[in-house]
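Note sheet for the following structure.
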């Protein structure tokens with residue numbers, strides 16, 4: 015395994031692990047805690063979280079891991095037949111499709127709908143109830159996908175990588 019492939023696979027593994035942990039926390043207890051709050055408070059807190067999460071550290075890891083995963087996939091394809099190829103491709107696919115695309119196509123539109131309601135408007139409470147269930151389901155998918163990516167990148171590295 016060459017140094018570039020090893021370094022990128024390790025970075026993809028670490029990024030996937032960090033993101034899996036963040037997503038796990040939300041599905042495991044953050045969303046449950048918000049659901050126990052009065053609707054107007056839960057809405058206000060989640061609206062704040064959705065603004066604060068758009069920061070350099072989170073987006074750097076989240077988007078950076080997407081880019082790195084794609085690079086790992088390209089290296090795996092160019093070294094087809096290497097012991098780690100399928101593991102690296104699976105890890106990249108899990109991360110890119112299961113976290114990045116699910117976020118962009120599922121969680122972000124829900125966040126946008128929640129941002130459009132007033133936390134104190136009773137009409138927003140129905141949006142909140144739908145949001146809690148749907149967002150948490152999608153987030154759990156993201157959690158499993160990121161954790162699966164960790165496993166696949168680890169197995170690929172254990173196979174000696176590719177190239």
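Residue numbers (this note's numbering): 15 to 177. All C-beta atoms in this analysis are idealised placements derived from N, C-alpha and C, irrespective of residue type, glycine included. Only a predicted model underlies this, so the values are computations on that prediction, with no experimental measurement involved.
Helix, strand or coil: which one does DSSP assign to residue i?
i, result
"residue 168", "helix"
"residue 132", "coil"
"residue 52", "coil"
"residue 98", "coil"
"residue 44", "helix"
"residue 93", "coil"
"residue 68", "coil"
"residue 16", "coil"
Apart from the five residues just before and just after residue i, which ones in its own chain have a Cβ nearer than 6 Å to its Cβ?
i, result
"residue 169", "101"
"residue 90", "99, 102, 103 and 176"
Between which residues of its own chain and residue i is the CB-CB distance below 7 Å, once the five residues before and five after are set aside?
i, result
"residue 97", "173 and 174"
"residue 37", "153, 156, 157 and 160"
"residue 110", "80, 83 and 84"
"residue 76", "33"
"residue 29", "75, 78, 79 and 82"
"residue 40", "153"
"residue 141", "127, 128 and 131"
Among the options, which has the Cα closest to the Cα of residue i?
i, options, result
"residue 86", "159, 113, 165 and 18", "18"
"residue 107", "39, 32, 160 and 47", "160"
"residue 46", "164, 143 and 165", "143"
"residue 32", "171, 55, 74 and 137", "74"
"residue 103", "34, 167 and 48", "167"
"residue 53", "88, 71 and 136", "136"
"residue 51", "28, 139, 121 and 26", "139"
"residue 43", "131, 94, 150 and 163", "150"
"residue 162", "26, 95, 88 and 16", "26"
"residue 147", "88, 21 and 49", "49"
Round the Cβ separation of residue i and residue j to the nearest angstrom and send it over; I've been treating them as touching at under 8 Å.
i, j, result
"residue 129", "residue 64", "6 Å"
Leaving out five residues before and five after residue i in sequence, what residues of the same chain have Cβ atoms less than 8 Å from its Cβ?
i, result
"residue 72", "36"
"residue 121", "149, 152, 153 and 156"
With three or more beta-carbon pairs closer than 8 Å as the criterion, would you say the segment 106-116 touches the segment 141-159? They touch, by the three-pair rule.
Is there contact between the segment 122-132 and the segment 53-61, where contact requires at least three CB pairs shorter than 8 Å? In short, these stretches touch, since the Cβ pair count reaches three.
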